[in-house]
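As they're listed, the protein sequences go chains P and G.
To convert, count from 1 in the first sequence and add 29; that's my numbering.
To convert, count from 1 in the second sequence and add 4; that's my numbering.
The beta carbon of each residue, even a glycine, is placed where N, CA and C say it ideally should be.
The structure displayed is predicted, hence computed values, not measured ones.
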Amino acid sequence: MSITAFLTDSTLCIGCKACEVACKEWNGVSDDGFEWSGYSYDNTGALGASTWRHVKFVESTPVPGLGGNAGDMSWAFSSDVCKHCEKAGCLEACPTGSIVRTEFGSVFIQPDVCNGCGYCVSSCPFGVVERNPSDGRAFKCTFCYDRQKVGLEPACAKACPTESIKFGEIDDLRRKAQERLDVLHSRGMHDAAIYDPLDSSVAGTHAMFIVRGDARAYNLPPKPEVPTVYLKKAWTSSGIAAGLLLGGTLLAFLAGGQEK
Amino acid sequence: MSDALSARNLSVEQRERRLDEIRREAESRGTLRIVSERPSGAPFPRASSENGYYGTPLLKQPPWTWEIPLYFFVGGAAGASAVIGSIAHYTGADRELVRHARWIAAAGSVISPPLLISDLGRPERFLAMLRVFKPQSAMSVGVWTLLGFSGGAAAAAFAQFLSDRYGPSLPVRVLENAGQAASLAFGLPFSNYTGVLIGATAIPVWNQSAADLPLHFAASGLGAAVGILELMGHNKNRALQALGLGAAIFETWEGLRIETRNREELEPLKRGLSGFVTRAGGVLSGPIPGMLRVASLFAGGRRSRKLRSLAAASSVAGSLLTRIAWIQAGHVSARNWRLPLREDAEQLREDHRQSELAAD
C-alpha cells in the first residue's frame, strides 16, 4: 500500500465546513455543543475528541501588495486536521499499543484497545488528541482508515467542493504543493507558504497545509516537538536520582544506623 | 459606543440628524467609517502572529484528575521507603525500622494501582497496559515498574507478617529476600519515574524541567518516606535524620533553582495559584524541615524529637503539595497559547541554556 496524505490548500477553502459535516456523519461523531465563540464564523473552536476536522476562520489585517482585494480585513479559511506526524508523540507515548501506524502511514487509535489513560493527550504537540469525557477513551482523526482500506478517499476530501482538501500519495502531494505554491507566487501571493515541519523533530506531517501569511495565525506551531526528545535527559536524571538515593541511604545506615 | 454620541443622551432632532448623516456617508462612500459606529466589543479579535489564532490554546490540558498527583506522592514515598527498608535490613539496622519501612512500601503498593486505575477513562481495560512493553513510553515503563514494585513490596511485607507470627522458616526467608530485592530494584526507579513521565510530554513547563523533575521527585519522595517513618516513632534514628537532612537540602536547592530560572515556560511555577502552591510545597519540603532538623541536632532529648517530628510532618505535607503544584502548573502551561507558537523556541532555549551556563 502506498503512503497517503492530505494537502489542505487554504487559498481554495471557502469556509463551508462541508468537511466537518462529512467527517461527523461518516464517523458518527457527536456534536460539540452549540455555542458562539465570537471568533469570526468559527464556532467549532479547536480539534478534539468530537472534532476531527475544524475549519479555521482567520480574520486578520491584510498586507498590502500581496494579491487579493480585501479592504480593512482579510479573511482566510483553513480546514485543520490531525497532522499524522512522521514521528508521532501520541503513538510513542501510548502505553497500551492502542495507537498504531497504519499501512497508509497514518496514525490510528484502535478504539477496542484504548483504555483512556490520557497520556497521548499531553504528548501531542498539536493538541489534537482528546479524551472524550462521556466515553473515557481518546479520539482523533482516523484518516478514514475504514474507507482507505477499501480504496475510498477520506470523507472530508470527498465532500470538499473546491478541492481545498486534496488526498493522495504523499510524494505526489508534496510535488503538487510545490507546484501550487509556484502558481500562487507567480500571481503575486508571495506570502503563501507550505506548512510541513520537515526540519522539526516530528520530521514532517502526513497532513500538509498551504497557508498565506504567518502560519502562527492558524495556530500552526513553527517548531513542533515530539516529546520523546526529552526522554534521554529525563532518564539520565532518573538514573542519577536512583544512584544518589541508593548511595545516600547506604552511607547513612552504614554510618549511623546501628543506634536506635 | 462613546457616551457623548450614545442615542440616550441625544434629543429626537439630534438623533434624526445623525441618521441623515449616516445615510449621506453611506451614499457617498459606499461604506461607513464613522468612529462612533463601532459596536460594543470592537475591535474584533484578529488572528495574527502576535495573537495566534485568537489566543486559542494549541495544546490540550492533561486530562488527569486528582488521583494522579496523589499517586505521584504515594509512589514516591513508597518507593523511597522500600529502599530505606532494604538497606536498613542489609546493614543490620533496627528491626522495627525495617518492619515499618516494609509496611509503608506495601501500603503504597496496595494504594497505587487503584489510584492509577480509577483515573483511566476505561478502568476495566487496565490490563491493556500489559499487552506491550514500550521503552519509548514512560508510562509503559512506569506501569511495569509499578507491577514489579507492588509484587516485591507486598511479598516482603507478607513474609514479614508470616515470620512475625509463626517464626522464621526457610520458605518465608526466601520469599522475604526475593521480595526485598525486588522492592529495592524497582523501588529506586519507582520513586522518581513520574518525573520522567511528565517531563517527556508536550507541556512546556514540564518538558523544560525534564532534567530536574526526576531528581526533584526522588528527593521529595525520600523526604516523605523519612517523614512518615519518623512520625511512626523513629525520630531518634540518626540515619533517617541524615537522609531527611539530605532531602531537605536538595529540595531547598531545587526551590532556589525554580525561583532563579527566568524562563517564560517556567512562569506557572512562580505566578498565580500554581506558583503559590509550588512555593508552599517548596518551603515545606526544603528550608523548614532543614532548619528544624539542624535545630534538633543542638536540642536535647524530648525537644529534639519534637523538632524532628515537626520537620517530618512538614516534609510529608510539602511532598504532597509539590506533586499537586506540578500538575497544576502543567494545566496553566497548556493554556498558554504563546509558548508553542514562538518562532524560534529552540534558539531561545539554546540562548537561555548558554546564559544559564555562563551564570553558573
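Contacting residues, own chain, Cβ-Cβ under 6 Å from Gly290 of chain G (five flanking each side not counted) = Ala252, Glu255, Thr256 and Gly259
ask   = In chain order, what residues of the same chain have a beta carbon less than 7 Å from the beta carbon of Asp211 of chain P, not counting five sequence neighbours either side?
value = none
task = Kindly give me the distance between the Cβ atoms of Leu213 of chain P and Met237 of chain P, rounded to whole angstroms, as I take these residues to be in contact under 8 Å.
result = Not quite, the Cβ-Cβ distance comes to about 14 Å (not below 8 Å), so this is no contact.
ask   = Below 8 Å between beta carbons: does that hold for Ala78 of chain P and Phe168 of chain P?
value = yes
key: Coarse secondary structure for Arg216 of chain P, derived from DSSP in three states   = Coil at Arg216 of chain P, not helix or strand.
inquiry  = Buried or exposed, going by whether 16 or more other CB atoms sit within 10 Å of the CB of Asn56 of chain P?
reply    = buried
request  = Find the residues of chain G that neighbour Glu115 of chain P, judging by a C-beta separation of less than 7 Å, and give them in chain order.
outcome  = Near Glu115 of chain P there are no residues of chain G at all, since even the closest Cβ is about 15 Å away, more than 7 Å.
query = So, does the CB of Lys289 of chain P fall closer than 8 Å to a CB anywhere in chain G?
reply = Below a pLDDT of 50, predicted positions are generally treated as unreliable, and Lys289 of chain P, at 45, falls in that range; the measurement from the model is reported next regardless. Yes - at least one Cβ of chain G is within 8 Å of the one on Lys289 of chain P.
message = Quick check on Met237 of chain P: does DSSP put it in helix, strand or coil?
response = strand
Through-space distance from Ala281 of chain P to Arg242 of chain G, alpha-carbon basis = 8 Å
message = Just to confirm the assignment, what range does the beta strand (DSSP E) spanning Glu88 of chain P have?
response = Arg82 to Ser89
inquiry  = Do Ala229 of chain G and Ala157 of chain G count as a contact pair if the criterion is CB distance below 8 Å?
reply    = no
task = Report yes or no: do the stretch 55 to 75 of chain G and the stretch 60 to 78 of chain P share at least 3 C-beta pairs separated by less than 8 Å?
result = yes
query = Can you find a C-beta in chain G that's less than 8 Å from the C-beta of Lys262 of chain P?
reply = Residue-level contact check: Lys262 of chain P touches chain G, since one or more beta carbons of chain G fall below 8 Å from its beta carbon.
query = Do we get a CB-CB distance below 8 Å when we pair Gly171 of chain G with the residues of chain P?
reply = no
request  = Measuring alpha carbon to alpha carbon, tell me which of P:Thr73, P:Pro253, P:Met218 and P:Glu115 ends up nearest Lys46 of chain P.
outcome  = P:Thr73
inquiry  = Buried or exposed, going by whether 16 or more other CB atoms sit within 10 Å of the CB of Ala246 of chain G?
reply    = buried
key: 8 Å Cβ cutoff, Ala281 of chain P in contact with chain G   = yes
message = If the cut-off is 9 Å on Cβ atoms, which residues from the stretch 144 to 174 of chain P count as contacting chain G, listed in chain order?
response = Asn144, Gly145, Cys146, Gly147, Tyr148, Val150, Ser151, Ser152, Cys153, Pro154, Phe155, Gly156, Val157, Val158, Glu159, Arg160, Asn161, Pro162, Asp164, Gly165, Arg166 and Ala167
query = Apart from the five residues on each side of it in sequence, which residues of its chain come closer than 6 Å, Cβ to Cβ, to Ile202 of chain G?
reply = Counting only Cβ-Cβ distances below 6 Å, and skipping sequence neighbours, we find Trp210.
inquiry  = Taking the beta carbon of Ser6 of chain G as the centre, do at least 16 other beta carbons fall within 10 Å, making it buried, or is it exposed?
reply    = For Ser6 of chain G, the predicted structure reports a pLDDT of 44, less than 50, and the residue's modelled location is therefore unreliable. A value from the coordinates is still provided. Looking at its Cβ environment, which holds fewer than 16 other Cβ atoms inside 10 Å, Ser6 of chain G is exposed.
ask   = Going along the chain, which residues of the stretch 234 to 249 of chain P sit with their C-beta nearer than 9 Å to a C-beta in chain G?
value = Gly242, Asp243, Ala244, Arg245, Ala246, Tyr247, Asn248 and Leu249
inquiry  = Taking the straight line between their C-alpha atoms, what separation do you get for Gly80 of chain G and Thr198 of chain G?
reply    = One C-alpha to the other measures close to 8 Å.
Under 8 Å between C-beta atoms of Phe166 of chain G and Val178 of chain G = This sequence places Leu at residue 166 of chain G; Phe is not what is there. No. Outside cutoff.
ask   = List, in order along the chain, the chain G residues whose C-beta lies closer than 8 Å to that of Tyr224 of chain P?
value = Those do not exist, as Tyr224 of chain P stays about 13 Å from chain G at its closest Cβ, beyond 8 Å.
query = Within the 8 Å Cβ cut-off, does Ser195 of chain G reach chain P?
reply = yes
task = Taking only beta-carbon positions, decide if Glu49 of chain P is within less than 8 Å of chain G.
result = no
task = Sort P:Ser152, P:Gly145, P:Cys170 and P:Ser39 by Cα distance to Arg311 of chain P and report the nearest one.
result = Only positions 30 to 289 of chain P appear in this structure, which leaves residue 311 of chain P out of reach.
task = Have a look at G:Leu235, G:Gly146 and G:Val336 and flag the residue whose alpha-carbon is nearest the alpha-carbon of Ser319 of chain G.
result = G:Leu235
query = Can we say the stretch 184 to 197 of chain G touches the stretch 310 to 330 of chain G, given the rule of at least three CB pairs closer than 8 Å?
reply = no
ask   = According to DSSP, is Thr95 of chain G helix, strand or coil?
value = coil
ask   = If Cys290 of chain P and Cys173 of chain P are in contact, beta carbons under 8 Å, what's the gap, nearest whole angstrom?
value = Since the first residue of chain P shown is 30 and the last is 289, residue 290 of chain P is not available in this structure.
request  = On the DSSP bridge assignment, give the partners of Ala167 of chain P in chain order.
outcome  = Its beta-bridge partners are P:Arg160.
ask   = Val129 of chain P versus chain G: which residues are under 9 Å apart at the beta carbon?
value = Correct list: empty, because the minimum Cβ distance to chain G is about 11 Å.
inquiry  = Closest to Ser321 of chain G by C-alpha separation, out of G:Asp216, G:Ala105, G:Gly227 and G:Gly155, would be which residue?
reply    = Note that residue 321 of chain G corresponds to Ala in the displayed sequence, not to Ser. The shortest Cα separation from Ala321 of chain G among G:Asp216, G:Ala105, G:Gly227 and G:Gly155 belongs to G:Gly227.
ask   = For Leu249 of chain G, which residues from the same chain have a beta carbon less than 6 Å from its beta carbon, with the 5 sequence-adjacent residues on both sides left out?
value = Arg297
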